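Student:
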Amino acid sequence: MFYRPKTAQATRISRRRFLELGGYGATMLGTGSLAVGLNSTIMSTPVQAASSDEAKWKQYAGSKLTFLSENTPPSFAIRDNIKAFYDLTGIEVEILTDDLPVVQQKCGIDLRSGKSDYTLQYVQDKPIGSPFADFYVDLSKMFGDETLPQDMEGYGDDAWFENFLSACGRFYSGEKIIALPYDAAIAVTFFRQDLFEKHTKDFEAEYGYRLEYNADSTWKNVLDIATFFKKLKEGGADVPYGYAQHQGSFAWTTQLDIQRMMFAHGRWIDFNIDDKIGSKEPGPTNWGDAQSVLMLEKFKALADVSHPDNLANGTLELNTVYQSGNIAMQVQYHEFAASVEDANTSVAAGGKTAYAPCPKGEADWILNGGPAVNGTNCGIGGIGINANAPEELQRAAYLFAIWSTSKNIQYDVLKGLGGTPTRKSVLEIPEVQAAQQRPSAMPNALTFDAVYNYGIKDPNFVLGPKIPEANEYHSIIASETQRMLSGDMSPEETAASLKSQLDDLNEA
Amino acid sequence: MATVTIKNVWKYYGETPAVKDLNITCPDGSFVSILGPSGCGKSSTMRMLAGLEHISAGDILFDDQRVNDLAPKDRDVAMVFENYALYPHKTVYENIANPLRLRKASEDTIKARVTGAAKLLEISHLLERRPHELSGGQKQRVAIGRAIVREPKLFLFDEPIAHLDAKLRAHMRGEIKHLQRSLGTTMIYVTHDQLEALSMADYIAVMHDGELQQWGTPAEIFNHPVNAWVAGFVGEPAMNFLTCDIKGQGDDVLLRHSNFEIPLLPGQVRQLNGAAQAGTARMGVRPDALSISMTRPDEAAMQGEIFVNELLGGDMLVEVQLDDCRIRVKTTPEFEGKPGENCFLSVNRDKWHVFDAGDGHAYF
Amino acid sequence: MASRDVVSYDTPLSRALKVLAGLFLALYLVWTLLPFFVMFVSSFKDLLEAFKLPAVGDWAGITVFFEFTPTFKHYTSLFTENSFGTYILNSLIAAGGSAVISVIFGSLAAYSLSRVDFRGKQDLFFWIISTRMAPVVAVMVPLYAIFRSLDLVGTLPGLILAYTTFNLPFAIWILKGFFDNVPFAIEEAQMVDGSTRFQAFRSILPLVAPGIGAFVVLCILFAWNDFLFAAIIGSGGAKTLPVATRELVQPQNIQWGSIMAAGVVTTAPMMLLGLVIRKYLVTGLTMGAVKE
Amino acid sequence: MTDVSPISANPREVAAQIFRARAHSAEVEARPQSEITNKPRSFNPPMPKRYYYYLMAPAIAILAFISLYPFFWLIVMSLQDVDIGGGEWVGFKNYVKLFSDGRFLDGWWLLAQYSVMCLGLQVGLGVLLAVVVNSSKYEKYLVTALLMPMMMAPAVAGLLWLFLYNGTFGWYHWILQSAGILDNASILASANTAMYAIVLVDVWQWTPLITIIALAGLKRVPRDQLEANMVDGASPLRNFFAITMPNLYPVLLIAVLLRFMDNFRFIDSVLVLTGGGPGSATKILPVYLFEVAFKFFKLGRGAAIALTLLIVTIILGKLLVRVFEKPQNEKG
């Protein structure tokens, strides 16, 4: 602890912390030595552009970094593999994982108070990227820096799946890249093909078409299916409900839930801004127009025939409902496939579940013009670097950022705990190709057709408003929508209330 | 108004008997005092009368009605508690009115009765106050007011004036007695203070260790205690006891002590009835049945040494060392003996008592 | 001498009331204890077993609850896959540290407040107690900002200090009441006997020691059970049990078995402590207003 | 409360024993009882006052640092549009905006509803339970069993009830459904019932507090008052309302105020159970404050909300302290 190597440039050791405490009279606690510092340490060995790759990777050997991430599979998988990074660079990385709301809280606090306890952060596109975009390092300046190692595939839009880099890396300007795609959750439709087959005759007799679900199925079909199952169930049949929404307490998944339907119908979005880049001044919202009112009506109609616990089930709980066999269909983030396909935790495993893109817009329900699309949204988790950190620390962090998003690591993660490749090249690996068919060694891969061939492609892909007030925006949307679903407000009132609150929020 | 009969009543708390086979009959309209030291079972008896304790065995009758299983509210008794038990959140008026309200008396009746009772007790000016604004004596009157407002069959007073100062206590004794006389209601009055019992009651029941020791008028209790315990408990200053030999000498029977030999009166010899001949007995004599002088008045006088003099206002109490025991004598303040001086005591044999040395019962 | 209870007589009404009271008590006990039972049993169930429910209205189907093969894996996973060992230690240090600090400084202050009069004492006293009553969230906002600038966030000393915000005023308030009940005459007598002021103070310690011990335990209880401070101030380096339990709600699967097991681990020690200081609980939980 | 109770009596008794053991007690005992007070007589203090201040100083300093200093910060922040690092002065804008903020006003309204419901149920059930338990032979064991919920961390209690309420596998959900109380949806899933759900958890956890407080109160109802009233002609039921309840009011008032403030203080279980939803059906003010401060990072607005919450709490606290002190004034 007292040995300090000569190469140490800036240290943020617990002793300084200790002295500071002392200065404030807190030393009387006598427990200063217990301080569990989230310290990062930096040590560097300067390198030249001409140095070997190995030397470039090793230039910060002996340093220590902290990465605050969401508790998702990639983070756990990378934590399991962290020794590989240490062997490569000599840098120790502590990976802390938390619930997304907690991560968001901690990042916000760290960034806005000018600290850099967490050098590396999980930049979830809207909850974290939108409000805090200005606090992250512009990575594009490091791309091509010859004193740093670089990924062979590069970092251009081509290297990643469509839209991924923009989603998590570009905020309010096309030039800066603040994060590299690290993790992604893309909405797809999970449905019980076994149950659909079983009831298709009855369904056809009533609705005139087969009980099937595919890329052309529309939100109206979903409404029909949900209505059908609900009726069956209320007639006493032993069937699950047909559908359920994500209207529990996770505000932004609640917002995403309604956004999919809105966007499917004429690509409706909240503000007239560039959806990919966002805007700090989004101006007046589109809520309150006829299209939005109609969508709210339909959303409410769908809720009324959905699982009765709609308003208590967040994304996680919803998946539990599906796993336990209580709904026949859900629009869910593809990464949940692994848990659905696990026979130990799910009754929907073993080929009972099929995966397809999100529902399409119903042509009759489009009032504003525009196409009917398979409106699909996602959460793209980027890895970004805290701009409050000293430059050398930023450079060391960069090493981890490119390593953790490289093709091989992504493949390892996919094999390990599941996860989502963000680099196109990963999908080309033969094992990954094979896993897209049953029986699959990587259950998440079963969704890849829906994810990569439909969901993330334009025109289906919607990101949602990147605005600085994203979090309050989510909260407002969630609570007003839920109030409507509880019957407190009509769709018109809801749309009007959203309009006034959002315009007030953005001071538009 | 009622005759109260307590028949073979027992009270147990768990395994411990508090009242043992008690038999008392209180005549209608009488003022009966239950007297005894704390723990003698007198309060338990009263609480059984009120219905605040179940009766373990035996019967209690009001007139001819067996009340064992009646709740207090159905017994038509009124009780004054040692700590007054006033309702602190109610005014004096409401405190007194409470029993009437609970019996759904009309508002007019209540008003008339409460003001009447208040007038009788001279607390009319206090009616709007709350208990915490009252002095001890005033609280006590309110408690009595609450009892008398209703004209019950039976009054139960549980050491009602024990917490008052001496002067007020003396005053209240008179008042309570007067009150009972004028209302004519049977009253049972529990006290540990023999002076209260002697001065107020028509009859006294002396209790000790859960057992009735003696039942009688105050004069009977004072002059003819049935045993040494009653004799010792009743009377202030307390009776002197001396252990003596009984010795026959011709026709006489002598009470012999190391210090003296005194013959019994002839009637007393008969009362002794030979039972304790030639044995030991306890002689009891009240301090006012002795006289003291500095010169020997006669042969039978006892000789002792003055230990201490206590002046009690109009009387003087002299404690005399008599061989190995001390005896107290009441005399006048004019007595001039000094501690350490020799003195002589003579006893008024009409007023002495002899108790059995074993069970302590009185021969006379 | 008198019976324990005020006398009651048998009437049809009193019999009916007795039956009703027994029924109410039984129902209430079921409602209050059932959650513990479910928690305990569920901590030994596999996920799908925990999901089994009888059909609605099928009261006989209640036996499903007991159809499972007990597994201890949730408990082991708490300590292998999660670092519950560390969290227990964090909880212990944070709660214990703040309790000890609060009671030491609290008893000194309480003793002084009890023994000396000065102008503004009532106001000082009210300020102390209002500190304890302030809504946690309201206090958190500025406290966070301050702790932040002192680098106390995410550290155990930070958490200890945060817990002290509610434990210290609590200790002062309640111990003052305690010292108030120790007659000053004892100390005077000691001093008359020739002891020094400090020795005199020491002489009353045996009188208050059991109480002080109990309030250390109560302070531990309050701190141990805290969630908000631990989530915000302790986030990161000083994760305590309630926060760790909450975080078992994972995005992929809500690990109900582990959550129930963690619930047992978090709750059981406090229940034992609660039993130990049972006598002082009422006094403590009512801020000394009610004594049992 | 006014009586010397066993706990407080304890030190006194021990003290009394010590007295008796001491030979020199004559001087002390000769003093009338009322003079054996807890305070030094004002003349001739046995220790210079400043030593007392020295003893107080550390605690006061710590408290000042963690309570007074933050309080001023809070005021400053509430007048700013503030980031954690600093902010710009905006005067009373934060306050002005609050009164057009429906969520703020709703938050107060919901908090009031929540508190009143919790307290109503807790007091009703708690007193009833205390009466029943008080007349039971097994009082000691019953109280121990009843105390259990209070020992549980509110956040853990929230999780436990989340599990029990779950519409898919929750046993309480099943019981409610089977008993016909709930139709289909989980109790947390409807804006109409979610409030009851969080109230029930609070009731589950904190009714025992009211019970033990009431139990302590019951033990101190003067027996002779009860008996006097019985002799006066009251039935047991009548006696309960006429004597027992009035004697319980002071302790119950304390219990109510304490719980009121705790409902302001603790939102752990609500955060875990509903996070304020569905919609904003359970977004009681502290939950909204938490959201504003730690989700939206509007620390200025958060500070303003926090101050309103603090002011109400302080008023309640004043009331409580007054109740605390009242019995002593009225004594005798």
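So the protein lines, in turn, are chains A, B, C and D.
Per the UniProt record's numbering, the very first residue in the first sequence carries number 1; after that it's consecutive.
Per the UniProt record's numbering, the very first residue in the second sequence carries number 1; after that it's consecutive.
Per the UniProt record's numbering, the very first residue in the third sequence carries number 1; after that it's consecutive.
Per the UniProt record's numbering, the very first residue in the fourth sequence carries number 1; after that it's consecutive.
Idealized CB from N, CA, C, for every residue including glycine.
On a predicted model such as this, the values are computed, not experimentally measured, just so you know.
1. Are the C-beta atoms of A/G22 and some chain C residue less than 8 angstroms apart?
2. Taking a contact to mean a Cβ-Cβ separation below 8 angstroms, would you say A/L311 touches A/Q247 in this structure?
3. Can you give me, in chain order, the residues of the region 296-323 of chain A that have a beta carbon less than 7 angstroms from any beta carbon in chain D?
4. Does the structure place the region 57-74 of chain B close enough to the region 4-11 of chain B that three or more beta carbon pairs sit under 8 angstroms?
5. Given a threshold of 16 other Cβ atoms within 10 Å of its Cβ, counted over all protein chains shown, does B/V114 qualify as buried or as exposed?
6. CB A/Y182 to CB A/G382, shorter than 8 angstroms?
7. Exposed or buried, what is C/T63 when buried is set at 16 or more other beta-carbons lying within 10 Å of its beta-carbon?
8. Along chain B, in chain order, which residues have C-beta atoms closer than 8 angstroms to that of D/S235?
9. How big is the Cα-Cα spacing for A/G266 and A/S292?
10. Measuring only between beta-carbons, confirm whether C/V264 sits less than 8 angstroms from chain B.
11. At the 8 angstroms Cβ level, is D/A23 part of the contact set with chain A, yes or no?
12. Taking the alpha-carbon positions, what's the B/S346 to B/A118 distance?
13. Leaving out five residues before and five after D/L253 in sequence, what residues of the same chain have Cβ atoms less than 8 angstroms from its Cβ?
14. Using a Cβ-Cβ distance under 8 angstroms, would D/P250 count as near chain B?
15. Taking Cβ to Cβ, would you say A/G464 is nearer than 8 angstroms to A/Q245?
16. By DSSP, does A/H334 sit in helix, in strand, or in coil?
17. Take C/T165 as the anchor and find which of C/G211, C/Q255, C/P142, C/K176 has the nearest alpha-carbon.
18. Measuring only between beta-carbons, confirm whether D/K39 sits less than 8 angstroms from chain C.
19. Helix, strand or coil: how does DSSP classify D/N229 here?
20. Over what stretch of residues does the alpha helix (DSSP H) that includes C/G158 continue unbroken?
21. Are the C-beta atoms of C/V19 and some chain D residue less than 8 angstroms apart?
22. Just confirm the distance between the C-beta atoms of B/I306 and B/G358, as a whole number of angstroms; I'd bet it's less than 8 angstroms.
23. How would you write the range of the beta strand (DSSP E) that residue 514 of chain A sits in, first residue to last?
24. What residues from the region 323-352 of chain A come within 8 angstroms of chain D, judged by C-beta to C-beta, listed N to C?
25. In terms of residues, what are the limits of the beta strand (DSSP E) holding B/Q213?
26. Taking only beta-carbon atoms, is C/V7 less than 8 angstroms away from chain B?
27. Residues of the region 457-484 of chain A with a CB closer than 9 angstroms to any CB of chain C: list them in chain order, please.
28. Which word fits B/E15, buried or exposed, when buried means at least 16 other C-beta atoms lie within 10 angstroms of its C-beta?
29. Using a beta-carbon distance cut-off of less than 7 angstroms, what residues from the UniProt region "Disordered" (484-508) of chain A approach chain D?
30. If you draw a straight line from the C-alpha of D/R220 to the C-alpha of D/N247, how long is it?
31. Just to confirm the assignment: which complete alpha helix (DSSP H) runs, minimum length 4, are found wholly within the region 215-263 of chain D?
32. Could you have a look at D/E35 and say whether DSSP puts it in helix, strand or coil?
33. Let me confirm a value: A/A205 is counted as buried when at least 16 other C-beta atoms fall within 10 Å, else exposed. Which label applies?
34. Please name the residues in the region 144-166 of chain C whose beta-carbon is closer than 7 angstroms to at least one beta-carbon of chain D, in chain order.
35. With distances taken Cα to Cα, identify the nearest neighbour of A/A495 among A/I476, A/I456, A/K176.
36. Taking only three categories from DSSP, how would you classify C/P35?
Tutor: Straight from the coordinates:
1. Because the pLDDT at A/G22 is just 34, under 50, the model does not fix this residue reliably, and the value given afterwards should be weighed accordingly. A/G22 does not count as touching chain C.
2. For A/L311 and A/Q247, yes; Cβs fall inside 8 angstroms.
3. Per Cβ criterion, the list reads P308, D309, N310, L311, A312, T320, V321.
4. Verdict: yes, contact present.
5. Classification of B/V114: buried, given that the 10 Å Cβ count is 16 or more.
6. Taking 8 angstroms as the Cβ cut-off, A/Y182 and A/G382 qualify as a contacting pair.
7. Looking at its Cβ environment, which holds fewer than 16 other Cβ atoms inside 10 Å, C/T63 is exposed.
8. Per Cβ cutoff of 8 angstroms: A71, K73.
9. Their Cα atoms are separated by approximately 11 angstroms.
10. With a threshold of 8 angstroms between beta carbons, C/V264 makes no contact with chain B.
11. Reliability fails at D/A23, whose pLDDT of 32 lies under 50, so the model's placement of it is uncertain and no value is given.
12. B/S346 and B/A118 have their C-alpha atoms spaced approximately 53 angstroms apart.
13. Excluding positions up to five away in sequence, the list reads V323.
14. Taking Cβ atoms only, chain B never reaches closer than 8 angstroms to D/P250, which makes this a no.
15. Contact check for A/G464 against A/Q245 fails: the beta carbons are separated by 8 angstroms or more.
16. In the structure shown, A/H334 falls within a helical segment according to DSSP collapsed to helix, strand and coil.
17. The alpha carbon of C/T165 has as its nearest neighbour, out of C/G211, C/Q255, C/P142, C/K176, the alpha carbon of C/P142.
18. Low confidence applies here, because D/K39 scores a pLDDT of 48, under 50, leaving its location unreliable; read the following figure in that light. Answer yes: the Cβ-Cβ gap between D/K39 and chain C drops below 8 angstroms somewhere.
19. The DSSP-derived three-state label of D/N229 is helix.
20. Looking at the DSSP string, the run of the alpha helix (DSSP H) that includes C/G158 is 156-180.
21. Taking Cβ atoms only, chain D never reaches closer than 8 angstroms to C/V19, which makes this a no.
22. B/I306 to B/G358, Cβ: 33 angstroms. No contact.
23. Not covered by the structure: residue 514 of chain A. The range shown for chain A is 1 to 508.
24. Listed in sequence order: S324, N326.
25. Where B/Q213 is concerned, the enclosing beta strand (DSSP E) stretches over 211-216.
26. Interface residue, yes.
27. Only those residues of the region 457-484 of chain A whose C-beta falls short of 9 angstroms from the nearest C-beta of chain C would be listed, and there are none.
28. B/E15 should be labelled exposed.
29. S486, D488: these are the residues of the UniProt region "Disordered" (484-508) of chain A whose beta carbon lies less than 7 angstroms from some beta carbon of chain D, given in chain order.
30. The straight-line gap separating the alpha-carbon atoms of D/R220 and D/N247 is approximately 8 angstroms.
31. As summarised for the region 215-263 of chain D, the continuous alpha helix (DSSP H) elements at least 4 residues long and confined to that stretch are 223-232, 236-239, given in chain order.
32. Low local confidence applies: a pLDDT of 40 at D/E35 is under 50, so the model's placement there is unreliable, with the coordinate-based value given in what follows. DSSP places D/E35 in helix when its eight states are reduced to three.
33. The residue is exposed, with fewer than 16 neighbouring Cβ atoms inside 10 Å.
34. So the close ones are A145, I146, R148, L161, T164, T165.
35. The residue with the shortest Cα to Cα distance from A/A495 is A/I476.
36. DSSP places C/P35 in the helix class (H, G or I) of the three-state scheme.
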